[in-house]
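Just so you know, the sequence shown maps onto residues 51 to 564 in this note's numbering. In what follows, a single structure is set out as structure tokens and then discussed.
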Amino acid sequence: MKRRSSFVIALALTLVLVTSGLVSAQGVFGGSVKVAVETEPANLDIQMTPSDQVSYIAQHIFEQLFAFNEAFDIVPMLAESYTVNPEGTVYEITLRKGVPFHNGKEMTSEDVLASLHRWSQVSARGATAFGFITEVEALDDYTVVLRLREPFAPLLSFLAFQNTAASIYPKEIAEKYPNTPIAEYIGTGPYKFVHWMPDYRIRLERFDDYAARDDEASGWGGKKVAYLDTVEFYTVLEAYTRQAGVQAGDYHVGMVINRESYPALVADPSVNTHMLSPGGFDWVIFNKKEGIMSNQKMRQAALAAMDMEPILYATYGLPEFFKHGPSYYPEGTVWYTEAGGEMYSQGNLERAKQLLKEAGYNNEPVRLISTAERPDYLNIALVTAAQWEEAGINVDLQLYDWATVLERRANPQVNDAFVTGHGFVPDPSLLTVLNSAYPGWWDSEAKNELLARFQSEPDQQKRMAIWEEIHALIYEEVPAIRMGDYYSLTISSASLQNFYGTTWPVLWNVWIQK
């Protein structure tokens with residue numbers, strides 16, 4: 051029987067997303083769309099690299115077995131259908147037939163097995179899922195069985211998610227790059243990779259043999275039509291340059307636009323504004339594997355020193371674009387809770403200094419890494435460093451290009467904390483910091499025990515109670531410090547039809563009005 055996770059049903063009842071309206075319409079074929087992105091990705095390995103900039107681009111090349119529709123219900127994508135046994139421990143997935151890769155080879159179960167095996171090795175989310183999956187078996191060329199040691203409630207969410215995604219690669223590619231980034235970008239998506247000019251442009255073009263689904267387009271699911279001849283992603287580091295480029299007609303989409311431009315942009319008939327809600331949050335994640343911030347008292351001191359309002363205003367500007375509050379999920383969603391929230395935004399320098407004393411702190415430098423390529427991350431780093439220093443923490447603020455930040459944050463020997471962001475995810479299990487393998491390495495016994503219970507519990511009410519315990523534990527053990535909710539601003543040319551701003555905007559079912 052088919053089963054929809056209870057959290058998805060509840061979420062659909064309580065959350066209206068900007069992606070509603072992301073539906074197929076009769077479009078116009080032809081033309082090239084140019085997208086100005088804020089930084090260049092390190093690679094396009096969507097399985098391995100937890101970067102929004104990778105997902106922006108690679109989701110057009112690669113696909114998963116499942117996808118999220120506009121209400122964050124989970125729907126089949128490369129899968130044709132699936133069944134789950136009553137115990138929730140055996141998933142039988144029937145694949146679509148006649149789905150070609152960009153190299154002309156038909157996708158079969160051997161590609162799925164190889165891809166899922168690689169995903170389990172290179173993705174923190176894959177490693178989490180395969181902590182429950184005991185066997186992946188091909189019954190025939192179009193049937194795959196996943197056997198679990200116990201129920202894993204968010205399994206389909208993990209298989210559908212676009213960031214460190216369980217995307218399906220050709221078997222030979224998955225096996226050629228078992229634990230290093232792939233360098234051959236061959237998928238099943240509506241656009242195929244053409245070329246990459248470093249520090250300038252990545253070009254995709256329509257895959258003429260793309261096997262589209264027949265069901266109605268919705269969110270990231272359903273029918274995908276590649277109306278555009280090419281899609282080009284340009285690295286444009288300055289937000290105002292991205293904005294001016296769209297207004298001048300040089301680009302069709304500008305990602306991460308300065309929010310203070312919003313009033314003027316709303317009045318400009320040449321562009322459409324997209325205020326992304328539900329948004330995400332930015333945070334500082336600590337290195338808990340080794341070094342000075344592996345001391346919990348140090349992390350608690352850093353949290354005690356922080357007053358979030360100055361950080362939010364400095365980072366996001368207009369109050370319409372942020373929300374002050376402790377919950378990792380927006381009010382009105384099924385996962386909203388303020389458990390542990392008394393520790394949020396303390397701004398208590400005396401308590402911070404007392405905790406530093408209890409930690410045995412002796413003015414050692416704390417290496418905080420960030421990037422100037424992302425103004426939000428830069429402002430968070432600057433104000434956070436100032437607040438920590440006021441409490442007596444010796445901050446060594448290190449700024450790099452984003453690709454270097456990704457490299458250094460993955461090395462526990464060269465950082466103590468780093469600034470990054472996180473988009474909305476439909477299940478807390480998908481929060482990166484909960485994974486012990488994710489940079490920061492939160493691997494406490496208390497967290498692991500609660501997370502195991504949370505992931506194996508099918509009942510939504512009981513899952514919510516466990517999530518409240520995890521939420522409180524985050525504020526106690528301080529694996530990371532979340533600033534508050536933010537809402538990003540994306541703009542698009544008025545000539546671009548059926549485009550909707552989302553965390554990872556899609557350019558299928560989109561066309562240029564001629």
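Heads up, the beta-carbon is just placed ideally off N, CA and C, and yes, glycines get one too.
(request) Would you check if the region 181–196 and the region 234–250 touch, i.e. whether three or more CB-CB distances between them fall below 8 angstroms? (result) no
(message) Can you confirm whether the region 377–393 touches the region 423–433 when touching is taken to mean that 3 or more C-beta pairs between the two stretches lie within less than 8 angstroms?
(response) No, the region 423–433 is not in contact with the region 377–393.
(request) Could you spell out the range, first to last residue, of the beta strand (DSSP E) harbouring L539? (result) Within the sequence shown, residue 539 is the residue found at index 489, counting from 1. That run of the beta strand (DSSP E) goes 539–543.
(request) List the whole-angstrom C-beta distance separating Y427 from V475, where the pair is believed to meet the contact cut-off of C-beta under 8 angstroms. (result) Counted from its first residue, the sequence shown places residue 427 at position 377. Counted from its first residue, the sequence shown places residue 475 at position 425. In fact, because the Cβ distance is near 19 angstroms, the residues do not count as touching under 8 angstroms.
(message) So the candidates are L287, Y277, E519, E137; which of them puts its Cα closest to the Cα of D249?
(response) Walking along the sequence shown from the start, residue 249 turns up at place 199. With distances taken between Cα atoms, D249 lies closest to L287.
(message) Assuming F549 is part of the alpha helix (DSSP H), what are its boundary residues?
(response) By one-based count along the sequence shown, residue 549 stands at place 499. Looking at the DSSP string, F549 is not in any alpha helix (DSSP H), and its letter there is neither H nor E.
(request) Could you tell me whether the Cβ atoms of G390 and E225 are closer together than 8 angstroms? (result) Residue numbering aside, residue 390 sits at position 340 when the sequence shown is read from its first letter. Residue numbering aside, residue 225 sits at position 175 when the sequence shown is read from its first letter. Taking 8 angstroms as the Cβ cut-off, G390 and E225 do not qualify as a contacting pair.
(request) Using alpha carbons as the reference points, say which of A402, I335, W385, L315 lies closest to M356. (result) Residue 356 sits at position 306 when you count from the first residue of the sequence shown. Ranking the options by Cα distance to M356, first place goes to A402.
(request) Measure from the alpha carbon of F116 to the alpha carbon of each residue in G269, N135, K155, then state which is nearest. (result) The residue you call residue 116 lines up with position 66 of the sequence shown. It is G269 whose Cα lies nearest to the Cα of F116.
(request) Report the option in Y366, P319, E310, V321 whose CA atom is closest to the CA atom of G330. (result) Along the sequence shown, read from residue 1 onward, the residue named residue 330 stands at position 280. Cα-wise, what sits closest to G330 is Y366.
(message) Spatial neighbours of F371 within its chain, please: C-beta separation below 6 angstroms, excluding the five flanking residues on both sides.
(response) Position 321 of the sequence shown holds residue 371. Closer than 6 angstroms at Cβ, skipping near neighbours: R309, Y537.
(request) Would you check if there are 3 or more beta carbon pairs closer than 8 angstroms linking the region 81–93 to the region 281–298? (result) yes
(request) Give the C-beta separation of D102 and W554 to the nearest angstrom, bearing in mind that I take them to be a contact with Cβ-Cβ under 8 angstroms. (result) Taking the first residue of the sequence shown as 1, we reach residue 102 at position 52. Taking the first residue of the sequence shown as 1, we reach residue 554 at position 504. Confirmed, Cβ separation roughly 7 angstroms.
(request) Only counting runs of 3 or more residues, tell me where the beta strand (DSSP E) segments fall wholly within the region 166–245, in order along the chain. (result) 183–190, 193–198
(message) Quick check: the Cα distance between D95 and Y235, rounded to an integer number of angstroms?
(response) Position 45 of the sequence shown, counting from 1, holds the residue named residue 95. Position 185 of the sequence shown, counting from 1, holds the residue named residue 235. Roughly 8 angstroms separates the two Cα atoms.
(message) Short of 8 angstroms in beta carbon distance, which residues of its chain neighbour T291, apart from the five on each side in sequence? Order them along the chain.
(response) Residue mapping note: residue 291 aligns to position 241 of the sequence shown, counting from 1. Hits under 8 angstroms: A86.
(message) Ignoring anything shorter than 4 residues, give me the alpha helix (DSSP H) runs that lie fully in the region 326–411, in order along the chain.
(response) 346–354, 358–366, 399–409
(request) Within its chain, find whatever has a CB closer than 6 angstroms to the CB of E519; leave out the 5 residues flanking it on each side and keep chain order. (result) As a first step, residue 519 is located in the sequence shown; it is residue number 469 there, counting from the start. Only L500 meet the Cβ criterion.
(message) Runs of 4 residues minimum, wholly inside the region 109–166: which ones carry the alpha helix (DSSP H) assignment?
(response) none
(request) Assign H245 to one of two classes, buried (16 or more other C-beta atoms within 10 Å of its C-beta) or exposed (fewer than that). (result) The count along the sequence shown starts at 1 and reaches residue 245 at position 195. That one is exposed.
(message) I need the boundaries of the beta strand (DSSP E) containing M98, first residue and last residue.
(response) Mapped onto the sequence shown, residue 98 falls at position 48. Per DSSP, M98 belongs to no beta strand (DSSP E) and is neither H nor E.
(request) With DSSP as the reference, label P415 as helix, strand or coil. (result) On the sequence shown, residue 415 is found 365 positions in, with the first residue counted as 1. P415 sits in a strand when the DSSP states are folded into three classes.
(message) If you measure between the beta carbons of Y386 and I419, is that distance less than 8 angstroms?
(response) Within the sequence shown, numbered from 1, the residue matching residue 386 stands at position 336. Within the sequence shown, numbered from 1, the residue matching residue 419 stands at position 369. The answer is no: Cβ separation not under 8 angstroms.
(request) Can you grab the Cα-Cα spacing for the pair P313 / L362, in whole Å? (result) As a first step, residue 313 must be located in the sequence shown, where it is residue number 263. As a first step, residue 362 must be located in the sequence shown, where it is residue number 312. One Cα belongs to P313, the other to L362, and the distance between them is close to 19 angstroms.
(request) Hey, could you find the ends of the beta strand (DSSP E) K84 is sitting in? (result) Taking the first residue of the sequence shown as 1, we reach residue 84 at position 34. K84 -> beta strand (DSSP E) spans 82–87.
(request) Measure from the alpha carbon of D279 to the alpha carbon of each residue in G299, Q297, R253, N498, then state which is nearest. (result) One-based indexing of the sequence shown puts residue 279 at position 229. Of the candidates G299, Q297, R253, N498, the one whose C-alpha sits nearest the C-alpha of D279 is R253.
(message) Taking a contact to mean a Cβ-Cβ separation below 8 angstroms, would you say L399 touches E440 in this structure?
(response) For the purposes of this step, residue 399 is identified with residue 349 of the sequence shown, where counting begins at 1. For the purposes of this step, residue 440 is identified with residue 390 of the sequence shown, where counting begins at 1. In this structure, E440 lies closer than 8 angstroms to L399 by Cβ.
(request) Tell me A530's beta-bridge partners as DSSP assigns them. (result) The residue you call residue 530 lines up with position 480 of the sequence shown. Beta-bridge partners of A530 (DSSP): I335.
(message) Our contact map puts I541 next to L315 with C-beta atoms below 8 angstroms; I'd like the distance itself, whole angstroms only.
(response) By 1-based counting over the sequence shown, the position of residue 541 is 491. By 1-based counting over the sequence shown, the position of residue 315 is 265. So it is a contact: roughly 6 angstroms between Cβ atoms.
(request) With DSSP collapsed to three states, give me the class of H521. (result) As a first step, residue 521 must be located in the sequence shown, where it is residue number 471. Helix, per DSSP.
(request) Rounded to whole angstroms, what's the CA-CA distance from Q437 to Y277? Just pull it up for me. (result) Here residue 437 corresponds to residue number 387 of the sequence shown, with the count starting at 1. Here residue 277 corresponds to residue number 227 of the sequence shown, with the count starting at 1. For Q437 and Y277, the distance between alpha carbons rounds to 50 angstroms.
(message) From the DSSP secondary-structure annotation, give me the bridge partner or partners of R292.
(response) Locating residue 292 in the sequence shown gives position 242, where the first residue counts as 1. The partner list for R292 (beta bridge, DSSP) is empty, contrary to what the question assumes.
(request) Closer than 8 angstroms by C-beta to E340: which residues in its own chain qualify, once you throw out the five before and the five after it? Chain order, please. (result) Locating residue 340 in the sequence shown gives position 290, where the first residue counts as 1. Only P462, Q463 meet the Cβ criterion.
(request) State buried or exposed for M247, treating a residue as buried only when at least 16 other CB atoms are found within 10 Å of its CB. (result) One-based indexing of the sequence shown puts residue 247 at position 197. With fewer than 16 other Cβ atoms within 10 Å, it is exposed.
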